[in-house]
Amino acid sequence: MLEVRDVVAGYGNGTVLHGLSLSVQRGEIVGILGRNGMGKTSLIRAVAGLLRLREGTVRLDDIDLSRAPAHARAQHGIAVVPQGRGVFPDLTVDENLKLGRMAAGKRSRPGRLGEVLDYFPRLGERGSQAAGTLSGGEQQMLAIGRALMSEPQLLLLDEPSDGIMPVLVQQIAQNIVDINRNEGLTTVVVEQNVPMVRSMAGRCLLLEGGQVIAEGLLDALADSGRLEQHLGV
8 MLEVRDVVAG
18 YGNGTVLHGL
28 SLSVQRGEIV
38 GILGRNGMGK
48 TSLIRAVAGL
58 LRLREGTVRL
68 DDIDLSRAPA
78 HARAQHGIAV
88 VPQGRGVFPD
98 LTVDENLKLG
108 RMAAGKRSRP
118 GRLGEVLDYF
128 PRLGERGSQA
138 AGTLSGGEQQ
148 MLAIGRALMS
158 EPQLLLLDEP
168 SDGIMPVLVQ
178 QIAQNIVDIN
188 RNEGLTTVVV
198 EQNVPMVRSM
208 AGRCLLLEGG
218 QVIAEGLLDA
228 LADSGRLEQH
238 LGV
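Residue numbers (our numbering): 8 to 240.
Here it is, written out as C-alpha cells:
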C-alpha cells in the first residue's frame, strides 16, 4: 500500500534521510524504532508531505505522491498524529473532531463520529471541554480520534506514548490494535517504547543514520541482538 523508495530529505543544508526505502502492506501495523536523531520523525514528515523530498519517491496505492503537498496527501487518505499530539487547545473536543471530519471530504460518513467515540468513550464524556484542559492521555486519544474522523487509509503515529501515564499507554495501544482489527486500517507507529510496539506491531523496522538497517518481528530483532546494539534495550 505504501512504498517509500530511495528517499533523501533533510533540513537546511543537513541531510537526515539517506536513501531510505521501505514498504507497508495494506492492513499492517508496522513499528519504526530507533534512537533520537535517526530520522523517525523525518520519515513521517516525508510521507505526509511536511518535509520536501530531495530525491526518491513516495507512493500510496501506486499513486506517486512524491511532489504532492500535504493537503493533497491528506485527501488521498494519509492522516498524521504528530508527536506532542497537536490538538487545538482552545477548541472543544467536539470541535477538534469536526475539523477531522472536514478533512475527509467526500469520504465522510454520517456514523463516523459514533464509531470514533466507541473507541474512545472518554471523548464523548468531554465533548464540550476545551482540548487544552485534557490530560496528556486524553489529548492523545483526541488526536487519534481526529485523525480517524478524516476516514484515512494510512495512519501515521509519531511517539504516541510520549508524556502519557503507563496505564493509558496500554489502553491506547489496545485502541490502535482494535481499530486495525475492526477496520483494517494500515498503521505506521514511530516509537521508542518497545513494550508498546511489541503489543501492537506485527513487523518492525530499525532506523540508524536515516536508513533502514534491519526489519522483522520485534522478538526476532531482540534475539539477534540488534535492539540492544542500536537501542540499548
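Glycine included, each C-beta is placed from N, C-alpha and C at the ideal position. What you are looking at is a predicted structure, and each value in this text was computed from that prediction instead of being measured.
| query | result |
| --- | --- |
| If you follow the alpha helix (DSSP H) that V94 is in, where does it begin and where does it stop? | Neither: V94 is in no alpha helix (DSSP H) and is coded neither H nor E. |
| Which partner residues does D165 have in the DSSP bridge list? | V197 |
| How big is the Cα-Cα spacing for L27 and E62? | 10 Å |
| Just to check my reading of the structure: M8 and L161 have Cβ atoms closer than 8 Å, yes? What is that Cβ distance to the nearest angstrom? | 7 Å |
| In terms of alpha-carbon separation, which member of P89, A229, R80, V94 lies closest to G112? | R80 |
| Rounded to whole angstroms, what's the CA-CA distance from L224 to L164? Just pull it up for me. | 19 Å |
| Which same chain residues end up closer than 8 Å to V123 when comparing Cβ atoms and leaving out the 5 residues on each side of it in sequence? | L104, L130, G152, L155, M156 |
| What residues in its chain sit with their C-beta under 7 Å from that of I51, if we drop five residues either side in the sequence? | V87, L163, D165, V197 |
| Looking at chain B, is there any beta carbon in it that lies within less than 7 Å of the beta carbon of F127? | No chain B is part of this structure, which consists of one protein chain only. |
| From what residue to what residue does the alpha helix (DSSP H) around D230 run? | 225-230 |
| Would you kindly report the start and end of the unbroken beta strand (DSSP E) that includes E35? | Taken as a continuous stretch (DSSP letters only), E35 belongs to no beta strand (DSSP E), as it is neither H nor E. |
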